[in-house]
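In this text, residue positions in the sequence shown follow UniProt numbering: the first is 1, and each later residue adds one. The beta carbon of each residue, even a glycine, is placed where N, CA and C say it ideally should be. Please read all numbers here as calculations on a predicted model, not as lab measurements. Here is the structure we will look at, set down as structure tokens.
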Amino acid sequence: MESAKLQVREALEEYGCFEACSTESWSFRSQYLELWKSISVDDAHIAENVEQRLTTTLWPQGNISFSKTMASFTQLLSELQKTIMRMILESFGVEKYLDELIDSTNDQLRANNIKVDGLEVQSKDGEWMNIKPSPNSIIVIIGDSLTIWLNGRLSSPFHRVMMRGNKTRYVIGLFARAIGGYQVKAPEELVDDKHPRLFKPFEHDQYLEVYPPNLLKELHTELKLTAVPKIGA
């Protein structure tokens, strides 16, 4: 466990992301996904939410088996996210905040049907790395909110999806974001003379309101902390 924790910390410090591999693989029938371009489901670990938001789009009469499968898959991703969160917080000695962060997080499942070449992540030296995950792995990318909560100790990387090629790519992602009303703020343990507070406290909904709307609409968006005011800015 300690070795895995160290590997996660080092990967996130260097790249802001890593590939989590499993002994099992996941597969979805592509014909199920060809009927829509993009769709999202909040709290998708609950089968009823998947049924109402996603399944009835594909099958007007419903398909509870598919809903339960997607809910189960989301639950697995959510548990992985919590495990990684625990590793990160323990590595910084602030694991006492784990329950608070988990309770203040809403999981959103998002699926896309797009014709693209794939995901790219920018390294620290500015080079774009083409990410080609294996069938039995998941790409984990640190988000802006956690970067701010950690006072910049880990940074969310620039990443994009290149719009080239004519091969359809099906993407399913789980986004962990702060719930409405929760103030994202670095704890005092992560603020000192060597690490002064970099960002003002904010609520995630407010962040989305001021985030450049044209960036949110473009699939080749390069995500960065442009909307969160820094201290002294």
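The three-state reading of DSSP puts W59 in coil, since its state is none of H, G, I, E or B. In the pairwise beta carbon analysis, the segment 176-187 is classified as not touching the segment 45-62: fewer than three pairs are separated by under 8 Å. Here N49 carries a helix assignment [DSSP, helix/strand/coil]. Considering only L190, S104, F158, K82, the residue with the shortest C-alpha distance to G16 is F158. When the alpha-carbon of P133 is set against those of E188, L77, V171, A186, the nearest one is in V171. In this chain, the alpha helix (DSSP H) harbouring E100 covers 98-103. Annotated as proximal: Q108 and F175, with beta-carbon spacing under 7 Å.
Membership of V8 in the alpha helix (DSSP H) is indicated by the continuous run 2-14. Take the alpha-carbon of M70 and the one of D193: they are about 46 Å apart.
DSSP places F66 in the helix class (H, G or I) of the three-state scheme. If you check the CB distance, K124 and I102 do not come in under 7 Å. For G173, the CB contacts under 7 Å within the same chain, skipping 5 residues up- and downstream, are R110 in chain order. Shortest Cα-Cα distance from H195 to any of V161, V184, L154, L58 involves L154. Inside the segment 152-204, DSSP marks whole beta strand (DSSP E) runs of 3 or more residues at positions 159-162, 168-178, from first to last along the chain. Secondary structure note for L119: it is in no alpha helix (DSSP H), and the uninterrupted beta strand (DSSP E) holding it is 118-122.
Apart from sequence neighbours up to five positions away, the residues of its chain that approach L150 with a beta-carbon distance below 8 Å are I88, F92, A186, L190, ordered along the chain.
Annotated three-state conformation of D42 is strand, per DSSP. Between the alpha carbons of S72 and L80 lies a gap of roughly 13 Å. Spanning the alpha carbons of N136 and Q75 requires a straight line of approximately 17 Å.
Boundaries of the alpha helix (DSSP H) around S145: 144-149. With respect to the 7 Å criterion, L98 and G152 are not classified as neighbours on the basis of their beta carbons. Across the set Q52, K96, S22, the C-alpha of S22 shows the shortest separation from the C-alpha of L77.
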